[in-house]
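Novice:
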Amino acid sequence: MTDTRPVFFFDIDNCLYPKSKKVHHHMSELIDQYFIKHLELTREDAYKLHMEYYKTYGLAIEGLVRHHKINPLEYNQQVDDALPLESIIFPDPQLRKLLEDIDKTKVKLWLFTNAYKTHGERVVRLLGIQDLFEGMTFCDYAEPVMLCKPHPKMFAKAMSQAGITDFDKCYFIDDSALNCAKAQELGWHTTHLVEAGDPLPTEMCCKYRARHLEDLRSLFPQFFKT
Numbered sequence: 159m160t161d162t163r164p165v166f167f168f169d170i171d172n173c174l175y176p177k178s179k180k181v182h183h184h185m186s187e188l189i190d191q192y193f194i195k196h197l198e199l200t201r202e203d204a205y206k207l208h209m210e211y212y213k214t215y216g217l218a219i220e221g222l223v224r225h226h227k228i229n230p231l232e233y234n235q236q237v238d239d240a241l242p243l244e245s246i247i248f249p250d251p252q253l254r255k256l257l258e259d260i261d262k263t264k265v266k267l268w269l270f271t272n273a274y275k276t277h278g279e280r281v282v283r284l285l286g287i288q289d290l291f292e293g294m295t296f297c298d299y300a301e302p303v304m305l306c307k308p309h310p311k312m313f314a315k316a317m318s319q320a321g322i323t324d325f326d327k328c329y330f331i332d333d334s335a336l337n338c339a340k341a342q343e344l345g346w347h348t349t350h351l352v353e354a355g356d357p358l359p360t361e362m363c364c365k366y367r368a369r370h371l372e373d374l375r376s377l378f379p380q381f382f383k384t
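Taking my numbering, the leading residue of the sequence shown gets 159, the next gets one more, and so forth.
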């Protein structure tokens, strides 16, 4: 029987757990250290190049692979996999309840991250929600050409892997305005997560905005158990 359910794509970092966990801060420090060590840069120059690659490509690693021929899996081992997540991220019963309340007969839940699979799997395992998603689309560091959000081909890859062809049946939540704007442009039903306490952008980058994942209950009541 053909699966006709829509797909709800969830970003992972700073989305399934709050920014206040400061995982990005730890990651930025490890990335800067990698630039300093492997490119023999000062801390200031390492930070500048890190930011330049992040803004240009969406990921620092893509700039490193393109311009410096580094081994991306070695990078992943020294950066993402070296994060002390076990002392930062813990099971989240409220998040689990939210995801359990979504009717899986009505919608498929799918992870969609710019991280490598080892990091994504580790985060959802620590949150205690790994069994609630049907799959994950990740940035494959082992591929010769690295694809990541907001590249349109990354969204096409996610749709293909999730087994969906209709853009109008794709739902998405992410904390990145760039990623949300591209998803909206492609025709996805998109929600920009702007964490409570953060200033609201002056312009909407997509149709929906949430301050907390719990807002999904009111934004998309059709997907929740009654």
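Glycine residues also receive a C-beta, built at the ideal position from the N, C-alpha and C atoms.
Between the C-alpha atoms of E142 and T160, what's the straight-line distance to the nearest angstrom?
Specialist: There is no way to answer for residue 142, as the model of the chain reaches only from 159 to 384.
Novice: Can you have a look at F296 and say buried or exposed, based on whether 16 or more other CB atoms are within 10 angstroms of its CB?
Specialist: Translated into the one-based positions of the sequence shown, residue 296 becomes position 138. F296 should be labelled buried.
Novice: By the three-class DSSP mapping on this structure, what secondary structure does D324 have?
Specialist: The count along the sequence shown starts at 1 and reaches residue 324 at position 166. In the structure shown, D324 sits in coil (DSSP, three-state: anything other than H, G, I, E or B).
Novice: Among L267, A300, D238, which has the Cα closest to the Cα of Y329?
Specialist: Translated into the one-based positions of the sequence shown, residue 329 becomes position 171. Checked all of L267, A300, D238; the closest Cα to Y329 is L267.
Novice: Measuring CA to CA, which of L197, I322, E244, E198 is closest to R163?
Specialist: Against the sequence shown, residue 163 aligns to sequence position 5. It is I322.
Novice: Ignoring anything shorter than 3 residues or poking outside the segment 274-346, list the beta strand (DSSP E) runs there in chain order.
Specialist: Entirely contained in the segment 274-346, the beta strand (DSSP E) runs reaching 3 residues are, in chain order, 328-332.
Novice: Count the other CB atoms, across all protein chains shown, that sit within 10 Å of the CB of H183; report buried if there are 16 or more and exposed otherwise.
Specialist: Within the sequence shown, numbered from 1, the residue matching residue 183 stands at position 25. When all chains shown are included, H183 counts as exposed.
Novice: For T263, which three-state DSSP category applies?
Specialist: As a first step, residue 263 is located in the sequence shown; it is residue number 105 there, counting from the start. DSSP places T263 in coil when its eight states are reduced to three.
Novice: Just reading off the beta strand (DSSP E) that Y366 is part of, what are its end residues?
Specialist: Numbered from 1 along the sequence shown, position 208 holds the residue referred to as residue 366. Unbroken beta strand (DSSP E) run through Y366: 366-368.
Novice: Give a yes or no on contact between the segment 254-269 and the segment 191-210, applying the rule of three or more CB pairs nearer than 8 Å.
Specialist: Result no; under three Cβ-Cβ pairs closer than 8 Å.
Novice: Roughly how many angstroms separate the alpha carbons of L207 and T263, rounded to a whole number?
Specialist: The count along the sequence shown starts at 1 and reaches residue 207 at position 49. The count along the sequence shown starts at 1 and reaches residue 263 at position 105. Using only the alpha carbons, I get a separation of about 46 Å.
Novice: For K214, does the three-state DSSP call read helix, strand or coil?
Specialist: Here residue 214 refers to the residue found at position 56 when the sequence shown is read from its first residue. A small correction: the amino acid at residue 214 is Thr; Lys does not occupy that position in the sequence shown. Reduced to three states, the DSSP call for T214 is helix.
Novice: Can you tell me where the alpha helix (DSSP H) holding V181 begins and where it ends?
Specialist: Looking up residue 181 in the sequence shown gives position 23. Residues 181-197.
Novice: Just how far apart, CA to CA, sit M294 and T271?
Specialist: Taking the first residue of the sequence shown as position 1, residue 294 is located at position 136. Taking the first residue of the sequence shown as position 1, residue 271 is located at position 113. Whole-angstrom Cα-Cα distance: 8 Å.
Novice: Can you give me the C-alpha to C-alpha distance between D298 and P251, rounded to a whole angstrom?
Specialist: For the purposes of this step, residue 298 is taken as the residue at position 140 of the sequence shown. For the purposes of this step, residue 251 is taken as the residue at position 93 of the sequence shown. Approximately 30 Å, taken between the alpha carbons.
Novice: Do G221 and Y211 count as a contact pair if the criterion is CB distance below 8 Å?
Specialist: Here residue 211 refers to the residue found at position 53 of the sequence shown. Here residue 221 refers to the residue found at position 63 of the sequence shown. In this structure, G221 lies closer than 8 Å to Y211 by Cβ.
Novice: Use the C-beta contact count for T348: other C-beta atoms within 10 angstroms, 16 or more gives buried, fewer gives exposed.
Specialist: For the purposes of this step, residue 348 is taken as residue 190 along the sequence shown, with counting starting at 1. Answer is buried; the Cβ neighbour count reaches 16.
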